[in-house]
Structure formats: structure tokens, C-alpha cells
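Here's the structure, in C-alpha cells; my notes come after.
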Amino acid sequence: MYLNTIQASYGARKKAKRVGRGIGSTDGKTCGRGHKGQKSRSGGFHKVGFEGGQMPLQRRLPKVGFTSRMSKFTAELRLHELEGLDASVIDLQVLIDNNIVPAFSKKVKLINSGSISKAVSLKGISVTAGALEAIQAAGGKVEA
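The sequence shown: position 111 = 111 (UniProt numbering), numbered continuously.
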């Protein structure tokens, strides 16, 4: 086999469509554009989603939902996840170091899920009302 004998396999290279080359080519005269109308003329196009003056679908449907940009930076923490921590004061950095919350977390909120038996001291972590009662009942405290 020589480099000058290498060819693409049959069907790998499609011949270009040559429009406007007479009636025998099947794409002569109007070049496959049909007769008259906006699409037959050069420069004849309209914006994406245009429906001929009818109210387009993206404007007929209502706007729904809202996604807060900060929600992906707020982590959720459960009471029973605090049991295994040995730190005296638990803050965001301690939770990240122990792989309890993701490293990109900016805020953490503690929710009342599960139970806690040891006294813990939280700093810079927001808590729900139920979680606050549970921590105080176990002898712990929450600092702002």
C-alpha cells in the first residue's frame, strides 16, 4: 500500500450539491427554493422562534420558578452528623475539614433531623428552632 493509493471508503465523502446548473441537475432555476416567498429570496430570514406574527411559544407560556444563586453555596447539616466530631467549637472550617459539607460551602444550616446526646458548641452556623432546642437540651450552645 502506497500513500498515493489511499482512498476514502465509499459513502464517506458526499459530493457537494451544485445548485443553479440547469434543469437536468434537479436543482436548476429556483435551486430547490420553490417559487416566490420570503425563503426564496436572498437575505430572506426571520428570527428564531418567529411564527408568522402569531404569539410565539416562548411568549405564550408563563414564566415560572426562581433559583437563588446562593442556594448552591448553602449546605444542610443534620443533628446526628455532629456526634462524630471531636472539636470543642464547631464552625464551617471544621465541617469542611471533616468532609461533612462540600468545600465550596459558604453557609451551613443545622436542621433538627436525628438526635444528639453530647454537648456541642456551634459558631457561625445557623440553626432551626427545633435544632436549637435539641442542642440546648443536650447541654450545648450556639454562638452567632
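Glycine included, every Cβ here is placed at the ideal spot set by N, Cα and C.
Reduced DSSP category for residue i - H, G, I as helix; E, B as strand; rest coil
i, result
"residue 144", "coil"
"residue 7", "coil"
"residue 48", "coil"
"residue 94", "helix"
When the options are compared against residue i, the one with the closest alpha-carbon
i, options, result
"residue 137", "97, 93, 112 and 68", "112"
"residue 105", "71, 115 and 79", "71"
"residue 17", "31, 11 and 9", "31"
Residues bridged to residue i [DSSP beta-bridge criterion]
i, result
"residue 123", "143"
"residue 75", "108"
"residue 54", "51"
Enclosing beta strand (DSSP E) for residue i [first to last residue]
i, result
"residue 110", "107-111"
C-beta contact flag for residue i and residue j at 8 Å
i, j, result
"residue 108", "residue 75", "yes"
"residue 123", "residue 86", "no"
"residue 40", "residue 34", "yes"
"residue 77", "residue 120", "no"
"residue 15", "residue 23", "no"
"residue 116", "residue 134", "yes"
"residue 61", "residue 110", "no"
Endpoints, the alpha helix (DSSP H) within which residue i is located
i, result
"residue 59", "57-60"
"residue 137", "129-137"
Residue-level contact to chain B via CB, residue i, 8 Å cutoff
i, result
"residue 108", "Absent from the structure is chain B; it holds one protein chain and no more."
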